[in-house]
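Notes follow once the structure below has been shown.
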Amino acid sequence: MNKAEVKLLLADVAAIDNRRVSDETVTAWTAVVGHLSLPVAQKALVMARQDEKVDYLEPKHIVARARDARMAIDRSPAERAEEANWRSDPEPICVPHDTRITQCKPCIALLVKHTEHMTNDQRHRWSNEHIGFKN
Ligand SMILES: [Zn+2]
């Protein structure tokens, strides 16, 4: 994250505990959490906020949860693909990559991008048309 992104993150922090966020605050936080991406830091922030043991939120609380946050973010698209009941037996194999659909990153990325707001039926139809599956 650059300082602008850390400032965004700190706006979320301040929204809950009303802390004052100065330029110095942003600089100090950037030194500690600047190596993280904004989505990972935001997810880690939510996780830290949900932890009853965290009272006054410090940047170390976010760093400590970065790994879990990254895993949670990576897992989400696969879970969404799974929602479409593809873990049925046998699991469909995509034509372009010859890979099981819940394991195929490019296809999952496509599905997330194009079918996010579709019902399961629509999503099945879309993927049969645009990806194709082997029998
Ligand atoms: Zn694929």
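Take 1044 as the starting number for the sequence shown in this note's numbering and just add one per residue.
From the three backbone atoms N, C-alpha and C, an ideal C-beta is built for every residue, glycine too.
Determine the extent of the alpha helix (DSSP H) in which residue i is found, giving its start and end residues.
i, result
"Cys1150", "Lys1148 to Thr1158"
"Thr1068", "Asp1066 to Val1076"
"Val1056", "Lys1046 to Asp1060"
"Val1089", "Leu1081 to Arg1092"
"Pro1102", "Pro1102 to Ala1107"
"Asn1095", "Sequence check: residue 1095 is Glu here, not Asn. No alpha helix (DSSP H) contains Glu1095, which DSSP labels as neither H nor E."
"Asp1164", "Asn1163 to His1173"
Excluding sequence positions up to five away, which residues of its chain have a Cβ less than 6 Å from the Cβ of residue i?
i, result
"Val1064", "Leu1053 and Ala1057"
"Pro1102", "Trp1072, Val1075 and Val1076"
"Glu1172", "none"
"Thr1158", "Arg1166 and Trp1169"
"Lys1050", "Val1069"
"Ile1174", "Cys1137 and Cys1150"
Write down the C-beta distance between residue i and residue j rounded to the nearest angstrom, noting that I regard them as a contact closer than 8 Å.
i, j, result
"Val1069", "Lys1086", "So it is not a contact: roughly 20 Å between Cβ atoms."
"Lys1177", "Val1138", "6 Å"
Among residues of its own chain, excluding the 5 on either side of residue i, which ones have a beta-carbon nearer than 7 Å to its beta-carbon?
i, result
"Val1182", "The structure shown does not extend to residue 1182, since the chain spans only 1044 to 1178, so no value can be given for it."
So, at 8 Å on beta carbons, what are the nonlocal neighbours of residue i in its own chain, with the 5 sequence-adjacent residues on each side left out?
i, result
"Asp1060", "Tyr1099 and Leu1100"
"Asp1141", "Lys1177"
Problem - Any 3 or more C-beta pairs closer than 8 Å across the region 1088-1097 and the region 1052-1064 - result: The region 1088-1097, when compared against the region 1052-1064, does touch it at the 8 Å Cβ threshold.
Exercise for the section: Output the residues surrounding ligand 1, defined as those with a CB atom closer than 6 Å to any ligand heavy atom, in chain order. Expected result: Result: Cys1137, Pro1139, His1140, Thr1142, Cys1147, Pro1149 and Cys1150.
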